[in-house]
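Student: For the sequence shown, my numbering assigns the number 560 to the initial residue and increments by one for each residue that follows.
Glycine included, every Cβ here is placed at the ideal spot set by N, Cα and C.
Just passing along the structure, written as structure tokens.
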Amino acid sequence: MDTDSDSLTSSSRHVENKMRLPQLEVPVFSGSYKDYPTSWTIYNSLIHSNPQLTNTDKFLFLRQALKGPAATLLGNMPVIGEKYEKAVKPLDKRFNKSGCIVDLLITELEQNSRSFLKLRAMQAVGDKR
560 MDTDSDSLTS
570 SSRHVENKMR
580 LPQLEVPVFS
590 GSYKDYPTSW
600 TIYNSLIHSN
610 PQLTNTDKFL
620 FLRQALKGPA
630 ATLLGNMPVI
640 GEKYEKAVKP
650 LDKRFNKSGC
660 IVDLLITELE
670 QNSRSFLKLR
680 AMQAVGDKR
């Protein structure tokens, strides 16, 4: 009886391993402090920590994932394997600023709160009519 159960479990695992997952894409990072943590987490998971990729491959993916100020930061650095780590460090140093992110989020909250209060005031005026 246990043999049938073990066989069923093994069969279930085999089916699970063959399940196709959706293709994940590396997001484009353009230099927003607010977007950096998410962008880096995804890039790190898919590319940076992937042992099957060479540093040259990683550098090519990095170049493709950067736009605007983030891409400008790398300038004309040649896309060669030994330069990859030298390219990642200034990006992290420049954009990994949790204090800036907190300030940006507080500013957004304040702006949204003001907008919400204005909306409530307009609704109150409309309700009086």
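How would you write the range of the alpha helix (DSSP H) that residue 628 sits in, first residue to last?
Tutor: Where residue 628 is concerned, the enclosing alpha helix (DSSP H) stretches over 627 to 633.
Student: Do you know how far the Cα of residue 577 is from the Cα of residue 638?
Tutor: When rounded, the distance between both Cα atoms is 36 angstroms.
Student: How big is the Cα-Cα spacing for residue 569 and residue 580?
Tutor: At residue 569, the pLDDT of 49 sits below 50, so the modelled position is not reliable; the number obtained from the coordinates is stated separately. Rounded to the nearest angstrom, the two C-alpha atoms are 20 angstroms apart.
Student: Give me, in chain order, the residues of the same chain whose beta-carbon lies closer than 6 angstroms to that of residue 670; leave out the 5 immediate sequence neighbours on both sides.
Tutor: So no residue of the chain qualifies.
Student: With distances taken between CB atoms, is the gap from residue 650 to residue 629 smaller than 8 angstroms?
Tutor: Closer than 8 angstroms, so yes.
Student: Looking only at its chain, what residues have a beta carbon closer than 7 angstroms to the beta carbon of residue 598, apart from the 5 residues adjacent to it on each side?
Tutor: Here the set comprises 586 and 588.
Student: Pull up the distance between the alpha-carbon of residue 595 and that of residue 654, whole angstroms please.
Tutor: If you take the alpha carbons of residue 595 and residue 654, they lie about 6 angstroms apart.
Student: Measure the beta-carbon distance from residue 583 to residue 605 and round it to whole angstroms, keeping in mind my assumption that it falls under 8 angstroms.
Tutor: Residue 583 to residue 605, Cβ: 6 angstroms. Contact.
Student: Excluding sequence positions up to five away, which residues of its chain have a Cβ less than 7 angstroms from the Cβ of residue 591?
Tutor: Excluding sequence neighbours, residue 591 sits near nothing in its chain.
Student: Which one of 646, 615 and 607 has the shortest CA to CA distance from residue 631?
Tutor: Of the listed residues, the one whose Cα sits closest to residue 631 is 646.
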